[in-house]
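Worksheet for the structure shown next.
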Amino acid sequence: MIEKERLIRVVESILQGTGFRTARMEFKGACFDLVASRLFLLLFIKVLQNIDTLTKEQAEDLKRLAKFFQASPLIVGLKTKNDELEEGVVYERFGIYALNPQTLYDVIVENELPAIFAERGGFYVKINGEYLRYLREKYGYSIGELAELLGVSRKSLQNYERGEQAVSLDVAIRLEEIFNEPLAKPIDILHAKVEAKLDVKPENELEREIFERLKALGMGVVKIKKAPFNAISKEEEFKILTGIDQRKTKTTIKRAQMVNEVSKIIHSDGVFILEKTKTEVVGEIPLIPKKALSEIRDADELIEMIEELKKEIKKKIFS
1 MIEKERLIRV VESILQGTGF RTARMEFKGA CFDLVASRLF LLLFIKVLQN
51 IDTLTKEQAE DLKRLAKFFQ ASPLIVGLKT KNDELEEGVV YERFGIYALN
101 PQTLYDVIVE NELPAIFAER GGFYVKINGE YLRYLREKYG YSIGELAELL
151 GVSRKSLQNY ERGEQAVSLD VAIRLEEIFN EPLAKPIDIL HAKVEAKLDV
201 KPENELEREI FERLKALGMG VVKIKKAPFN AISKEEEFKI LTGIDQRKTK
251 TTIKRAQMVN EVSKIIHSDG VFILEKTKTE VVGEIPLIPK KALSEIRDAD
301 ELIEMIEELK KEIKKKIFS
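In the UniProt record's numbering, the protein residues as written are 1 to 319.
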């Protein structure tokens with residue numbers, strides 16, 4: 001735990017040193033440990049010593065968040081179960097880019113995008129196939145001649161030129177030595193596009209009831225399993241981090257405080273809907289009873305209620 005805490009601090013320092021605003025999760029098993037934003041860039045980051053300990057459930061939630069908020073998911077770690085993560089190399093787990101802190105520093109601080117990615121069997125790069133063909137023809141190499149120089153088959157070289165096959169690192173190095181030109185395509189880890197399944201079933205009866213009511217109000221609802229909030233509710237451009245619980249407990253308050261911090265970074269609202277509670281506000285996150293939903297006519301009214309409760313708490317603070 002101490003090592004992970006140190007690692008999170010290192011990642012925070014890299015981000016904050018280049019103008020990112022960050023919020024940290026302290027929620028057991030959370031799908032992300034840090035959220036960071038700078039201008040139009042939003043990152044959800046999972047920090048792990050061993051990137052192989054990421055679970056499929058955490059990864060699916062991380063991808064859902066990234067897709068929903070048009071953000072990039074990242075894993076930052078130190079090793080796999082077998083090896084340390086190499087600087088300048090991008091790994092992948094469940095379709096999410098993973099890298100070590102030094103590579104993150106190179107990208108964030110030095111503006112140097114990596115080009116090498118790890119796959120079973122070694123390190124590879126993707127190259128500009130059209131440019132490779134142009135160079136081959138410019139310097140008068142036939143496919144057979146260049147393939148022989150590289151120690152690969154004619155078919156592999158044709159696949160490289162068509163962009164249908166990644167190139168092993170040693171072949172990529174030989175290509176750049178032959179032509180004295182950069183051919184590797186950089187990997188833009190800060191603008192990753194991920195696919196995510198948004199239709200996830202509620203985990204219990206209370207969630208089912210509240211999701212159905214929110215949908216009846218005209219809101220889209222996406223279930224998130226591994227976060228301090230249970231779902232994201234959406235009405236057009238309004239996104240609400242939505243927590244659900246039976247009653248207010250110390251854990252509920254802590255979850256609401258984390259949602260409060262995250263919502264500031266990602267510019268969303270937050271609300272906790274409880275089976276039994278009186279209406280109150282934690283930070284800027286309203287806690288409302290489930291029965292209050294039945295008195296609301298549509299999504300706009302829910303959003304107005306959240307905004308009014310936030311205004312009330314601000315008046316109390318500054319009065």
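Using N, Cα and C, we set each Cβ at its ideal position, and we do this for glycine too.
What is the DSSP secondary structure of residue i, reduced to helix, strand or coil?
i	result
Q246	strand
T80	coil
E112	coil
K278	coil
T18	coil
P101	helix
F68	helix
E308	helix
E57	helix
D52	helix
L85	coil
S142	coil
D300	helix
L217	coil
residue 335	Past the edges of the chain, shown from 1 to 319, lies residue 335, and the structure says nothing about it.
I224	coil
A256	helix
E3	helix
K63	helix
K46	strand
K264	helix
A30	coil
Could you please give me the residues that DSSP links to residue i through a beta bridge?
i	result
A184	I127
residue 327	Past the edges of the chain, shown from 1 to 319, lies residue 327, and the structure says nothing about it.
E235	F238
E96	Note on identity: in this sequence residue 96 is Ile, with Glu being the wrong assignment. R93, per the DSSP bridge assignment.
E119	G122
F272	G243, L287
I75	K46, A98
L41	R38
Rank the options by C-alpha distance to the C-alpha of residue i and give the top, closest one.
i	options	result
K234	V90, E164, M219	M219
G163	I189, G151, E130	E130
P202	A196, K193, E119, E212	E212
R38	E84, V47, T22, T53	T22
V194	K226, L43, A256, T80	L43
L206	A196, A227, G243, G122	G243
V259	L274, F238, G283, K248	G283
V167	A184, R154, L146	A184
F229	V10, P286, Y124	P286
E280	A299, E312, I266	E312
L7	L302, I240, R93, Y105	Y105
A66	H191, L214, K276, I306	H191
E161	D199, E87, E137, K28	E137
residue 332	I306, K63, A227	In this structure the chain extends from 1 to 319, so residue 332 is not present and cannot be described.
I288	G270, G95, I189	G270
Count the other CB atoms, across all protein chains shown, that sit within 10 Å of the CB of residue i; report buried if there are 16 or more and exposed otherwise.
i	result
N100	buried
E308	exposed
G77	buried
I173	exposed
F20	buried
Q246	exposed
T103	buried
Q58	buried
Y139	exposed
R255	buried
E295	exposed
R24	buried
S319	For S319, the predicted model reports a pLDDT of 48, less than 50, meaning its position is unreliable; a value from the coordinates is still stated below. Counting Cβ neighbours within 10 Å, S319 comes out exposed, since fewer than 16 surround it.
S142	exposed
V221	buried
T252	buried
L149	exposed
F272	buried
K226	buried
K56	exposed
Report whether the distance from the Cβ of residue i to the nearest heavy atom of the ligand FAD is below 7 Å.
i	result
T251	No copy of the ligand FAD occurs in the structure displayed, which carries no ligand at all.
Fully enclosed by the stretch 145-213, which beta strand (DSSP E) runs are 3 residues long or longer?
-> Listed in chain order, nothing qualifies, since the stretch 145-213 has no complete beta strand (DSSP E) run of 3 or more residues.
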